[in-house]
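Comments concern the structure below.
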Amino acid sequence: MTVLVEQHISGLELNASFAEAKAWVEHAQMDSLIITSEGRLIGLLDAQFLFDTRFDQEFNRLEDYINAYPEEIEQGAYIRLHDHIFSAAEAFSHELNDHLPVVDHDHNYVGIRTRNDVLEELCEFLNMSQKGTVIDVLLPSDEPLISEIIRLVETEGIHVQTITVQQPNLEEEHRKLTIKFDSEEVSNAISTLERFGYTVYTPHRDLQRDIDFHERANELIRLLDL
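In our numbering, the protein residues as written are 91 to 316.
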C-alpha cells in the first residue's frame, strides 16, 4: 500500500516575516501554519494570528511572536512517516485540521497528509474480501488505542489484513475489535494480547464466514470520527 505524503508544502521557518507568513498561507491554502526550525517541526500555528495587529506592529519575525505567545503553538499534532494507518487515523480523530504535518525519525518535517487521503487508505486497508483467521478483542470502556493493539500483534510477526469494530448490544458493555490475519497460526498474537490485559475470543470457523465485516468497517470509521 502506497502512503501518500504531499511534499509540495514546505514548512515556514521561525525567522519568517509577517509578509512571508501571509504569502505562505495564500500559497498553502491551509488554516494552520506549519512552523519549522532548520527543517525540524516546531508545531502548528492557527492562521488567525495573522489578523493580530501586534504581530506586524510589535514583532518583526515569527519567532518573536511565538516567544511572546508560546501557548499559540500546537506541538503534538503530527504523523510519523512510517506510522501505521491507524496511528494516522487516530491523529486526525483528535484534530479539526484537514491536514497534519509528517515527520521522519529525527522529527524533520517531510510533508503533509490530508484527512481525505488517510480515509481513502483506511478504506483500502479495510478490504474485507480477503481470507484469513479472525479473532475478537474486547475494547476497554475508555478511548481504545487501536494502533497499540495492532503493534502488539505485529510484534509476533503476524500481518494484520483487516480490522473492524462492532458496537456492544444491550447485554454487552464493551465494543469488539475484530482482527483478521493472513496466518492460520495466531496463538502467539493471542497470548501477547492477553498478557497485556486484553480479553480475546476466537469465533467458531463456521461463524467467521457470517461476520458482517462491511458494517463493522463503517463502525470503525465512525469510531475514529473521520
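Where is the CB? At the ideal position from N, CA and C, for every residue including glycine.
- Counting the other Cβ atoms within 10 Å of the Cβ of ARG130 gives fewer than 16, which makes it exposed.
- With the rule of 3 Cβ pairs closer than 8 Å, the segment 131-145 counts as touching the segment 156-165.
- Per the Cβ contact rule, the segment 166-173 is not in contact with the segment 103-118 (fewer than 3 Cβ pairs under 8 Å).
- Straight across, the Cα-Cα distance linking LEU267 with THR252 is about 10 Å.
- By the Cβ-count criterion, GLU116 is exposed, with fewer than 16 other Cβ atoms from all chains shown falling within 10 Å of its own Cβ.
- Along the length of the segment 137-193, whole beta strand (DSSP E) runs at least 3 residues long occupy 189-193, reported in chain order.
- The three-state reading of DSSP puts THR282 in helix, counting H, G and I together.
- A Cβ-Cβ distance of about 4 Å is found for the pair TYR291 and ASP226, placing them in contact under the 8 Å criterion.
- In the structure shown, GLU275 falls within a coil segment according to DSSP collapsed to helix, strand and coil.
- Bridge pairing for GLY201: VAL192 [DSSP].
- Taking the Cβ atoms as the reference, ALA181 lies roughly 6 Å from LEU190, within the contact range of under 8 Å.
- The beta carbon of HIS249 is closer than 8 Å to those of PHE271, ASP272 and SER273 in its chain, skipping five residues each way along the sequence.
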